[in-house]
Amino acid sequence: SLVVLFGATAGAYGAKLGSDERELILLVWQVVDLHSKKVGTLHKSLVKADNLDLSDQCREVSGLTPEGLGKAEPLDRVLQQFSQLVSSDLKALGRSSYTLCSDGQLLIRQVLHPETSKKNFLLSDCFYSFFDLRKEFHTCYPSSAAVKDQTIKTMAEYLGLGTDEAEEDFGVWQVKTMVAIIFSMLSEGCNHVFTEPETVKYKYETGPCSKSETVDSETVIRARGLPWQSSDQDIARFFKGLNIAKGGVALCLNSQGRRNGEALVRFVNSEQRDLALERHKHHMGSRYIEVYKATGEEFLKIAGGTSNEVAQFLSKENQVIIRMRGLPFTATQEDVLGFLGPECPVTGGKEGLLFVKYPDGRPTGDAFVLFSCEEYAQNALKKHKEILGKRYIELFRSTAAEVQQVVLNRYMSTPLIPTLPTPIIPVIPPPYTIATGSIRDCVRLRGLPYTAGIDDILEFMGDATGDIKPHGVHMVLNQQGRPSGDAFIQMKSADKAFMVAQKCHKKMMKDRYVEVFQCSGEEMNFVLMGGTLNRSGLSPPPCKLPCLSPPAYAAFQTAAVIPAEAAALYQPQALLPTTRTPQASAAAPPTVTYYPAQAAQLYMNYTAYYPSPPVSPTTVGYIAAPPGAVAAAATATHTPILPQPGALVRMQGLPYNTGMKEILSFFQGYQYAPDDYNGLIQLSDQARSVLQAPKEWVCL
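The sequence shown runs 1 to 700 under the UniProt record's numbering.
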């Protein structure tokens, strides 16, 4: 038997059903006995939605009103009534089993499964298998329109069925017509047999992915904006109703091995992928998730791996994976098992533990643990931030793809700090300075589209572009290095800045209006150095807060700029001399990095500068140059260059109140010869004495 099912939501109808996350408001169904060609009672049930605000299309097509829906039953009770009434009709027809039959995939996959998942109740087993009437019709009548172009009306017209949609209630006509189409397919001329129903996976299956696999790019999407604590099961729940391939969820990590809010998801076929794209900007909790197309190559880059150790660890299927972070470097398997305790036994004991190590064998402080069931995993997660040794341990849900990405891609393959093999020489714009003082000759643009560039700003400014100072456009980034929507522009005079603010305030750029305010160079510098500028006034950057400047180091206080020779350490990519053995360095030509003394001040915290004439950036560009050119440039300008024997390192993530003493203590035990670096960083006599005293320390 078939149960012909039709439904509608409070929003979009037809091909866009379920794409707007609106709730179900109508279910209509009827039982069909395929052998005797008899039918049961036709049932129509309204569903009370949490949000009764109906779209205009819904009102027009269905004729339903919020008042009528307000008296209906909620979805869980309607589904209970559905099961009871279907059972009763089947009994009356002398049947016991049935399969659903719907007009396409959307009602089952895009409406019922996502909505019940969000409302935290389970669908009965009958909703995990169904026949798609459009596909069955095209199989029976190959000369008919393509499956994606089929509707109930076009199928009826193809068969010449003379039903009048206007004579029946909304939903009733659709079900009656679907039943008539099914009987036509069962007639002697066709003798169609319903044999291969569509299936919906009950749960997401974890598993490893090999780099040698072939992944169809038409099956992969990228989900962006995920909560950082999301697991693969959370992502599978977001795509509930769609079939994700085994091991098809790969959480993306940043360079520090932490999740960056993105994931690549691989589906079983392109049809499922296309349905997933319709969930663009659907919600996971209070956050909306962006869904875009991705490629199979991108998926393999994140999820693929070939390590025997990882493959053996992940060979136990349907396990819950927990990631542990912050383990003491001396921690052993026994320590971890003891930390977890008997209430959360690890699958296979020591075999269920995988420590992450650097290529030289040193532990990273991360480990992955397998648990056989959700209960054990939940008990383990309760130990989040408990103490092991002298350190607190963080525990998170993880995935097979994350195991491979962390163990293989991050630690085993890619170096953490990229180096440049060829010597480089800078190509710099003419000297310039960033404005200071209280003259209000600058403007601030707020609310820029995140995709806006220099060209967009110049077009936005119009005729006022000619009044911009050279190097006068400064775009501000947030702490993640992405555009913040703010920019500062230095004008040639305060009058020009005033005119621009008056003319361009709330003018549209792309699809957003942009606010334009007049400000001073001092206010601009505060923001570029990490402070904030709002209606309440200026909030200084963290490095300028009095409470974060220890008085013991008053002798070292200087202007908030980086010396020109050290500026390269703070470029987006660290520039490190190639490490050489003593024998090689004696014969090798100089491979140093040359930084001119006249390089301009470098403001670091949140500012990015983009090249675009006629306003040049405050960024130094680099091109490769042979050693001879480097030496010639150094001789011509008489600028100190970095000495050969050592190497420079870049320190990121320092607390804002870190002083010289803390940095020296951090590097205690490493050899340092400060005499070789006297020309590198401009220091006072007191600072130099501190550096030179402990010869066994290093300071960079």
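By construction, the Cβ of each residue, glycine as well, lies at the ideal position given by its N, Cα and C atoms. Every value quoted in this text rests on a predicted model; they were computed, and no experiment measured them.
As a quick exercise: from Arg279, Ala250, Pro470, Met178, pick the residue whose alpha carbon is nearest that of Tyr158. Against the sequence shown, residue 158 aligns to sequence position 158. Nearest of Arg279, Ala250, Pro470, Met178 to Tyr158, Cα basis: Met178.
Quick one: is Phe339 buried, meaning 16 or more other Cβ sit within 10 Å of its Cβ, or exposed? For this step, residue 339 is matched to residue 339 along the sequence shown. Classification of Phe339: buried, given that the 10 Å Cβ count is 16 or more.
Are the stretch 214-232 and the stretch 258-268 touching, with three or more C-beta to C-beta distances below 8 Å? yes
So does the stretch 203-220 actually touch the stretch 72-83, counting three or more Cβ pairs closer than 8 Å? no
Which same chain residues end up closer than 7 Å to Leu242 when comparing Cβ atoms and leaving out the 5 residues on each side of it in sequence? Along the sequence shown, read from residue 1 onward, the residue named residue 242 stands at position 242. Result list for Leu242: Arg109, Phe267, Gln272, Leu275, Ala276, in chain order.
Exposure label - Phe313; buried when at least 16 CB within 10 Å: By 1-based counting over the sequence shown, the position of residue 313 is 313. With 16 or more Cβ atoms within 10 Å of its Cβ, Phe313 is classed as buried.
Where Tyr513 falls: helix, strand or coil (DSSP): The count along the sequence shown starts at 1 and reaches residue 513 at position 513. The answer is strand: DSSP assigns Tyr513 an E or B state.
DSSP bridge partner residues for His282 (one or two, in chain order): Locating residue 282 in the sequence shown gives position 282, where the first residue counts as 1. In DSSP, His282 forms a bridge with Ile289.
By the DSSP assignment, the alpha helix (DSSP H) with Ser665 in it spans what residues? In the sequence shown, residue 665 corresponds to position 665, counting from 1. 660-666 is the span of the alpha helix (DSSP H), which, as asked, contains Ser665.
Does the distance from the C-beta atom of Lys441 to that of Met491 stay below 7 Å? The sequence position of residue 441 within the sequence shown is 441, counting from 1. The sequence position of residue 491 within the sequence shown is 491, counting from 1. The amino acid occupying residue 441 in the given sequence is Asp; Lys does not appear at that position. Cβ atoms of Asp441 and Met491: closer than 7 Å.
Quick check: the stretch 181-192 against the stretch 80-92, are at least 3 beta-carbon pairs closer than 8 Å? no
Less than 7 Å between the C-beta atoms of Pro470 and Arg512, yes or no? Here residue 470 corresponds to residue number 470 of the sequence shown, with the count starting at 1. Here residue 512 corresponds to residue number 512 of the sequence shown, with the count starting at 1. No, the Cβ-Cβ distance between Pro470 and Arg512 is not below 7 Å.
Hey, would you say Leu26 sits closer than 7 Å to Gly171, going by beta carbons? Here residue 26 refers to the residue found at position 26 when the sequence shown is read from its first residue. Here residue 171 refers to the residue found at position 171 when the sequence shown is read from its first residue. Their beta carbons are under 7 Å apart, which means Leu26 touches Gly171 by this criterion.
Nearest to Ser83 by alpha carbon, out of Glu60, Lys48, Ser124, Val111? Within the sequence shown, residue 83 is the residue found at index 83, counting from 1. Closest by alpha carbon: Ser124.
Can you check DSSP and say which residues form a bridge with Pro363? Sequence index remark: in the sequence shown, residue 363 carries index 363 (1-based). BP columns for Pro363 point to Lys357.
Along the chain, which unbroken stretches of the beta strand (DSSP E) at least 3 residues long are found entirely within the stretch 303-348? 320-325
For Tyr376, is the classification buried or exposed, using 16 other Cβ atoms within 10 angstroms of its Cβ as the cut-off for buried? By one-based count along the sequence shown, residue 376 stands at place 376. It counts as buried.
For the candidate residues Val346, Val369, Lys240, Pro328, whose alpha-carbon lies nearest to that of Lys390? Working through the sequence shown from its first residue, we reach residue 390 at position 390. Ranking the options by Cα distance to Lys390, first place goes to Pro328.
Would Leu2 and Val32 be called neighbours here (beta carbons separated by less than 7 Å)? The residue you call residue 2 lines up with position 2 of the sequence shown. The residue you call residue 32 lines up with position 32 of the sequence shown. Closer than 7 Å, so yes.
Go through the stretch 120-205 residue by residue and report every complete run of the beta strand (DSSP E) that reaches 3 residues or more, in order. 129-132
Does the distance from the C-beta atom of Asn308 to that of Cys344 stay below 7 Å? As a first step, residue 308 is located in the sequence shown; it is residue number 308 there, counting from the start. As a first step, residue 344 is located in the sequence shown; it is residue number 344 there, counting from the start. Cβ atoms of Asn308 and Cys344: not closer than 7 Å.
Taking only the alpha-carbon atoms, compute the straight-line gap between Asp68 and Arg59 and give it to the nearest angstrom. Translated into positions along the sequence shown, residue 68 becomes position 68. Translated into positions along the sequence shown, residue 59 becomes position 59. Position check: residue 68 holds Gly in this sequence, whereas Asp was assumed. Straight-line Cα distance between these residues: approximately 12 Å.
Would the beta-carbon of Cys519 fall within 7 Å of that of Arg444? Locating residue 519 in the sequence shown gives position 519, counting from the first residue. Locating residue 444 in the sequence shown gives position 444, counting from the first residue. Yes; because the gap between Cβ atoms is below 7 Å, this pair is in contact.
Which residues in the same chain have their Cβ closer than 6 Å to the Cβ of Ser55, if we skip the five residues on either side of it in sequence? Reading the sequence shown from its first residue, position 55 is the one you call residue 55. Within the same chain, Ser55 has close Cβ partners Gly11.
Where in the stretch 10-38 do unbroken runs of the beta strand (DSSP E), each at least 3 residues long, occur, reported from the N-terminal end onward? 24-33
By the 10 Å Cβ neighbour count, where 16 or more other Cβ atoms means buried, how is Phe371 classified, buried or exposed? The residue labelled residue 371 in the question sits at position 371 within the sequence shown. It counts as buried.
Count the other C-beta atoms from every protein chain shown that fall within 10 angstroms of the C-beta of Val369, then say buried if there are 16 or more, exposed otherwise. Mapped onto the sequence shown, residue 369 falls at position 369. Looking at its Cβ environment, which holds 16 or more other Cβ atoms inside 10 Å, Val369 is buried.
Beta-carbon spacing of Phe299, Val175 below 7 Å: Locating residue 299 in the sequence shown gives position 299, where the first residue counts as 1. Locating residue 175 in the sequence shown gives position 175, where the first residue counts as 1. Not closer than 7 Å, so no.
On the DSSP letters alone, give me the boundaries of the alpha helix (DSSP H) that His113 sits inside. Taking the first residue of the sequence shown as 1, we reach residue 113 at position 113. Element bounds for His113: 113-118.
Met524 - containing beta strand (DSSP E), residue span: Taking the sequence shown and counting its residues from 1, the one referred to as residue 524 is at position 524. Note, Met524: premise wrong, no beta strand (DSSP E); alpha helix (DSSP H) at 521-528.
Taking Cβ positions, are Asp132 and Glu213 nearer each other than 7 Å? One-based indexing of the sequence shown puts residue 132 at position 132. One-based indexing of the sequence shown puts residue 213 at position 213. No, the Cβ-Cβ distance between Asp132 and Glu213 is not below 7 Å.
Note the first and the last residue of the continuous beta strand (DSSP E) segment covering Glu394. What you label residue 394 is simply residue 394 of the sequence shown in a count that begins at 1. From DSSP, the beta strand (DSSP E) with Glu394 extends over 391-397.
Between which two residues does the alpha helix (DSSP H) harbouring Glu386 extend? In the sequence shown, counting from the first residue as 1, residue 386 sits at position 386. Taken as a continuous stretch (DSSP letters only), Glu386 belongs to no alpha helix (DSSP H), being part of the beta strand (DSSP E) at 386-388.
Starting from Val61, follow its DSSP beta bridges and name the residues at the other end. To locate residue 61, count along the sequence shown from 1; it is residue 61. The partner list for Val61 (beta bridge, DSSP) is empty, contrary to what the question assumes.
Residues in its own chain within less than 7 Å of Gly437 by CB, not counting five upstream and five downstream? Residue mapping note: residue 437 aligns to position 437 of the sequence shown, counting from 1. The answer, listed in chain order, is Ser520, Gly521, Glu522.
Helix, strand or coil at Met499 according to DSSP, with G and I counted as helix: By one-based count along the sequence shown, residue 499 stands at place 499. It is helical.
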